[in-house]
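Participant: One structure, pasted below without further comment.
Numbering (the working numbering), first residue to last: 2 to 136.
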């Protein structure tokens with residue numbers, strides 16, 4: 002009888018927003034893949050947050066960021082402990098899988114994304130825009 006060979010692939014684990022908050026409080030890095038405009042309006046108030054948009058707004062609608070993986074690899078080590086906000090209108094497991102397949106070792110998917118963060122009443126950073134009109 003053959004023995005099964007253990008897999009060396011790292012699986013993406015989906016965690017609820019409260020577990021994500023605990024990990025973020027313990028030093029995990031929060032990656033928010035919403036558009037710049039969405040991130041700038043508000044985002045989770047955590048110590049180590051990074052916005053790398055997977056999509057951009059254009060006059061023709063949203064388009065994918067062709068440099069997405071390069072930007073993540075530039076700003077994060079493959080050894081970093083990462084919690085991701087992946088609800089960007091795509092398959093929610095696609096983005097974490099992209100990072101795992103690129104060699105990132107500890108990637109957690111925050112189930113429900115930013116919306117779940119808001120629904121659970123967790124702290125947000127809000128943009129207070131002030132317009133100054135020069136006359």
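Quick reminder that beta carbons are idealized off the backbone N, C-alpha and C, glycines included. No experiment lies behind these values; they were computed from the predicted model shown.
#1: Please report the residue range of the beta strand (DSSP E) in which residue 43 lies.
#2: Would you kindly work out how many angstroms separate the C-alpha atoms of residue 117 and residue 38, rounded to a whole number?
#3: Could you tell me which residues DSSP puts in a beta bridge with residue 30?
#4: Pull up the DSSP beta-bridge partners for residue 62, would you.
#5: So residue 81 and residue 30 are supposed to be a Cβ contact under 8 Å. How far apart are they, rounded?
#6: Please classify residue 34 as buried or exposed, where buried requires at least 16 other C-beta atoms within 10 Å of its C-beta.
#7: Give a yes or no on whether 9 Å exceeds the smallest Cβ distance from residue 62 to chain B.
#8: Whole angstroms are fine: how far does the CA of residue 86 sit from the CA of residue 15?
#9: For residue 106, tell me which candidate among 77, 57 and 51 has the shortest Cα-Cα distance.
Facilitator: In short:
#1: 43-45
#2: 19 Å
#3: 83
#4: 59
#5: 5 Å
#6: buried
#7: No chain B is present in this structure, which holds just one protein chain.
#8: 11 Å
#9: 77
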